[in-house]
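Position one of the sequence shown corresponds to residue 1414 (the numbering used here), numbered consecutively onward. Heads up: the structure comes next, in structure tokens.
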Amino acid sequence: MRTSTVAVFLFALLVFYSRAGALDAAPPVGSQFPDVAITVPDSKEHRNYLGLKRGDSFKLFQVATDTVIVEVLSMYCPFCQAEAPAVNTLYSMIEGDPELRGKVKIIGIAAGNTKLERDMFVDKFDIPFPVFADGDFLFHKALGEVRTPYFFGVRIADGAATVFYSNLGAFDDPASFLSLILERSRSKNTEVSP
1414 MRTSTVAVFL FALLVFYSRA GALDAAPPVG SQFPDVAITV PDSKEHRNYL
1464 GLKRGDSFKL FQVATDTVIV EVLSMYCPFC QAEAPAVNTL YSMIEGDPEL
1514 RGKVKIIGIA AGNTKLERDM FVDKFDIPFP VFADGDFLFH KALGEVRTPY
1564 FFGVRIADGA ATVFYSNLGA FDDPASFLSL ILERSRSKNT EVSP
């Protein structure tokens, strides 16, 4: 009896620790952002923002910009809710700067959220940038099942989307975060850590 209890306990530990390791499997700096198809937004404003034409889907490297900030969020995440005003401020700073507008874009991936849940989050926090529902966790799994909020900085060039920033958690200050993103996006060194 005691041997079987120990065996079950050890098996449970093995499953827990192997699952915990999977949570840290985000695409590392210097790697290609996952090549997952994203549904083209219905909103003409969001299609124009991303430089997309009407269609079924697109991939991140097709966004008409130099840099994309990707926030992985969930409407059920209290940290994401608390961070929403700061991310909106970041968006306003980018769009308000003629040198950055069009060169830096923000999108959200609503991990595990249906379109309805995504819409509730977008409406509640007045999110101005495109947020894509990921109700089946397809994108979330491709991103290594990261916790939320999680931010990626992705450089778009030559038909590729290369990760230059990858970090879990909220940022302290929108201006400082934007400076960090701009500095990292211009760096050719892909070995930079968060």
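Just so you know, even glycine gets a beta-carbon here, dropped at the ideal spot from N, CA and C.
For residue i, which three-state DSSP category applies?
{"i": "Glu1484", "result": "strand"}
{"i": "Val1500", "result": "helix"}
{"i": "Ala1588", "result": "helix"}
{"i": "Phe1565", "result": "strand"}
{"i": "Ala1570", "result": "strand"}
{"i": "Asp1510", "result": "coil"}
{"i": "Lys1466", "result": "coil"}
Just grab the DSSP bridge partners of residue i for me.
{"i": "Ala1524", "result": "Asp1547"}
{"i": "Ile1451", "result": "Phe1471"}
{"i": "Val1517", "result": "Thr1480"}
{"i": "Gln1445", "result": "Thr1575"}
Along the chain, where does the beta strand (DSSP E) that runs through residue i open and close?
{"i": "Leu1581", "result": "Ala1573 to Leu1581"}
{"i": "Arg1560", "result": "Where Arg1560 is concerned, there is no enclosing beta strand (DSSP E), given that its DSSP letter is neither H nor E."}
For residue i, count neighbouring C-beta atoms within 10 Å of its own C-beta (all shown protein chains included) and say buried if the count is 16 or more, exposed if not.
{"i": "Val1559", "result": "buried"}
{"i": "Asn1526", "result": "buried"}
{"i": "Ala1616", "result": "Lying outside 1414 to 1607, the shown extent of the chain, residue 1616 is not represented and no answer is given."}
{"i": "Glu1359", "result": "Given a span of 1414 to 1607 for the chain in the structure shown, any question on residue 1359 remains unanswerable."}
{"i": "Gly1521", "result": "buried"}
{"i": "Phe1564", "result": "buried"}
With a CB to CB cut of under 7 Å and the five nearest residues on each side skipped, what residues in its chain are close to residue i?
{"i": "Gly1572", "result": "Phe1474"}
Tell me where the alpha helix (DSSP H) around residue i begins and ends.
{"i": "Arg1460", "result": "Lys1457 to Leu1463"}
Leaving out the 5 sequence neighbours to the left and right, which residues in its chain are closer than 8 Å to residue i when beta-carbon positions are compared?
{"i": "Leu1436", "result": "Unreliable placement is indicated for Leu1436, whose pLDDT of 47 sits below 50; no coordinate value is reported for it."}
{"i": "Arg1460", "result": "Val1453, Pro1454, Lys1466 and Arg1467"}
Apart from the five residues on each side of it in sequence, which residues of its chain come closer than 6 Å, Cβ to Cβ, to residue i?
{"i": "Val1449", "result": "Phe1552 and Ala1555"}
{"i": "Glu1496", "result": "Pro1562 and Ala1583"}
{"i": "Ile1519", "result": "Ile1482, Tyr1504 and Phe1542"}
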